[in-house]
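Participant: Numbering (the working numbering), first residue to last: -18 to 333.
The beta-carbon is built from N, C-alpha and C at its ideal position, and this holds for glycine as well.
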Amino acid sequence: MSYLCIVKQKIIITGGMGYIGSHTAVELIESGFAVVIIDNLSNAREEVLDGIHSITGVRPVFEKLDLVEHEKTLAVFEKHKDAIGVIHFAALKAVGESVAKPGLYFKNNILSLVHVLECMERFQIPNLIFSSSCTVYGEPDKLPVTEETPTKKANSPYGATKQIGEEVIQAELHANSQLKAISLRYFNPVGAHNSAKIGELPLGVPNNLMPYITQTALGIREELSVFGADYNTKDGTAIRDYIHVVDLAKAHVSALDRLAHDTQEKNYEIYNIGTGKGYTVLEVIHAFERATGQSIQYKMVTRRAGDVEAVYANANLANEKLAWSAQESLETMCSSAYTWEKMYRGTEKSAT
Ligand code: UFG
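#1: When the Cα atoms are used, what is the spatial distance from K(-9) to K62?
#2: Report the option in I224, H96, Q308 whose CA atom is closest to the CA atom of L172.
#3: Tell me which residue opens and which closes the beta strand (DSSP E) that Y118 is part of.
#4: So, at 7 Å on beta carbons, what are the nonlocal neighbours of K134 in its own chain, with the 5 sequence-adjacent residues on each side left out?
#5: Check the C-beta distance from P323 over to L199 and give it rounded, since I have them as a contact under 8 Å.
#6: Identify whether S331 lies in helix, strand or coil by the three-state DSSP scheme.
#7: Given V97, which residues of its chain have a CB within under 7 Å of its CB, disregarding the five upstream and five downstream residues?
#8: Given 7 Å as the limit, tell me if Y193 has its C-beta closer than that to any heavy atom belonging to ligand 1.
#9: Taking 7 Å as the cut-off, is the beta-carbon of V292 closer than that to any non-hydrogen atom of ligand 1?
#10: Flag this pair as yes or no: are the beta carbons of E8 and K231 separated by less than 8 Å?
#11: With burial defined as no fewer than 16 other Cβ atoms inside 10 Å of the residue's Cβ, what is the status of V116: buried or exposed?
#12: Where in the segment 278 to 318 do unbroken runs of the beta strand (DSSP E), each at least 3 residues long, occur, reported from the N-terminal end onward?
#13: Is S235 closer than 8 Å to I36 when the C-beta atoms are compared?
#14: Is A332 buried or exposed, if buried means 16 or more other CB atoms sit within 10 Å of its CB?
#15: Looking at C-alpha atoms only, which residue of T142, L165, N213 is the closest neighbour of A294?
#16: For K(-11), is the classification buried or exposed, using 16 other Cβ atoms within 10 angstroms of its Cβ as the cut-off for buried?
#17: Which whole-angstrom value is the C-beta distance of T142 and A72, which I expect to be below 8 Å?
#18: Let me know the secondary structure DSSP gives G(-3) once reduced to three states.
In structure tokens form, the structure reads like this:
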């Protein structure tokens, strides 16, 4: 009798309890990887593990760890030194807070990355995927933005940590010849897993558009403020490239495949991860109303400091090299975000 033992490849997901991290954990588990989540739970709840378990049937290994803590980080990575790669999501991400507490953002986001890179070198873990952001393009001169579009001075310390993070990785690639890395520049992730078992969990009053809309639809917020009606766009409101979080999560699986199979052309590659379509704030509100049948109370107010007028992706490079493209419509993004919010708030009525 012969026994076939299939050993799953291990991937470390830092920040894996967060919004994008948890959706990526699900996609990786469903693609056959063994997932280890590292998270300090500063902006996430441990019940996310139940959601991942309930969707996939697998409870990922969880290490509660703050990556700023050097010795503890080394110990956890040593334990998981058989990992073939790291997807580094762990970071603080509130733009406004980063302006008020720049030191906290630089310390947390940069030092944790430096520690991850040190561990990858020490334990010879070769593949890194870094969560970057379209914020590196600032207010672009030409749309859509490609990966060749020049980056601009960051609008916030948060944005600066993404730019510096990309630079830190490139510098490390010169020092660590085993390392290969891909930075994914995310556009605006929204929506939730179609099971509604995981989704976005903003603490307190949401900063971002979609959770503000879903909370307004449920009456948790009275009225949505639309920041700026005087932009040079078709209806005066700002344009973004909204991407379904599950599409975004799948881009990580494609990027990991490329690194793990050594099919990348350079030891460092950058990809825009967006749909290539820009929608105004009013278009998002109306898509939400169409998709859910819920009307949204809103008022136009002045621009929000630091916002750009318009940014959307040219994602051709990711389409071609990662064999990945965004599939979900804006309506699906809206309806999944709303279903998740209702489930989370416990107001979903059973369909009888
Ligand atoms: N908006 C409103 N009302 C709100 C919230 C947002 O009108 O209550 C508008 C914003 O002004 C903007 C659009 O909706 O025009 C999208 O705003 P989000 O806050 O949802 O997203 P941002 O584009 O500002 O930010 C996102 C990520 C950041 C990232 C940034 C880069 O959340 O992490 O993109 O541009 F840095």
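Facilitator: Looking at the coordinates:
#1: As a working note, residue -9 is residue 10 in the sequence shown. As a working note, residue 62 is residue 81 in the sequence shown. Going by the C-alpha atoms only, they are around 9 Å apart.
#2: Position 191 of the sequence shown, counted from the start, is the residue given in the question as residue 172. Per the sequence shown, residue 172 should be read as Gly rather than Leu. Cα-wise, what sits closest to G172 is I224.
#3: As a position in the sequence shown, residue 118 is number 137, starting the count at 1. Run containing Y118: none; DSSP gives neither H nor E here.
#4: Translated into the one-based positions of the sequence shown, residue 134 becomes position 153. Same-chain partners within the cutoff: G119.
#5: Here residue 323 refers to the residue found at position 342 of the sequence shown. Here residue 199 refers to the residue found at position 218 of the sequence shown. The residue you asked about is not Pro; residue 323 is Lys in the sequence shown. 7 Å between Cβ atoms; contact.
#6: Counting from one through the sequence shown, the residue named residue 331 turns up at place 350. With a pLDDT of 43 at S331, under the threshold of 50, the predicted position of this residue should be treated as unreliable, and no value is reported.
#7: Walking along the sequence shown from the start, residue 97 turns up at place 116. Contacts found: T(-5), L48, V67, H69.
#8: As a first step, residue 193 must be located in the sequence shown, where it is residue number 212. Yes - ligand 1 has a heavy atom lying nearer than 7 Å to the Cβ of Y193.
#9: For the purposes of this step, residue 292 is identified with residue 311 of the sequence shown, where counting begins at 1. Result yes, Cβ under 7 Å from ligand 1.
#10: Against the sequence shown, residue 8 aligns to sequence position 27. Against the sequence shown, residue 231 aligns to sequence position 250. Closer than 8 Å, so yes.
#11: Start at 1 with the first residue of the sequence shown, and residue 116 comes out as number 135. Residue identity check: residue 116 is Thr in the sequence provided, not Val. T116 is buried by the Cβ-count criterion.
#12: 279 to 282
#13: Stepping through the sequence shown from its first residue, residue 36 is reached at position 55. Stepping through the sequence shown from its first residue, residue 235 is reached at position 254. Going by C-beta atoms, I36 is not nearer than 8 Å to S235.
#14: On the sequence shown, residue 332 is found 351 positions in, with the first residue counted as 1. Per-residue confidence for A332 stands at a pLDDT of 38, beneath the threshold of 50, marking its modelled position as unreliable; the derived number appears in the next sentence. Result: exposed.
#15: In the sequence shown, the residue the question calls residue 294 occupies position 313. Selected option, being the one with the closest Cα: L165.
#16: In the sequence shown, the residue the question calls residue -11 occupies position 8. That one is exposed.
#17: Position 161 of the sequence shown, counted from the first residue, corresponds to residue 142. Position 91 of the sequence shown, counted from the first residue, corresponds to residue 72. That belief holds up - the Cβ atoms of T142 and A72 are roughly 7 Å apart, short of 8 Å.
#18: Taking the first residue of the sequence shown as 1, we reach residue -3 at position 16. Looking at G(-3) - three-state DSSP - the assignment turns out to be coil, as it is neither helix nor strand.
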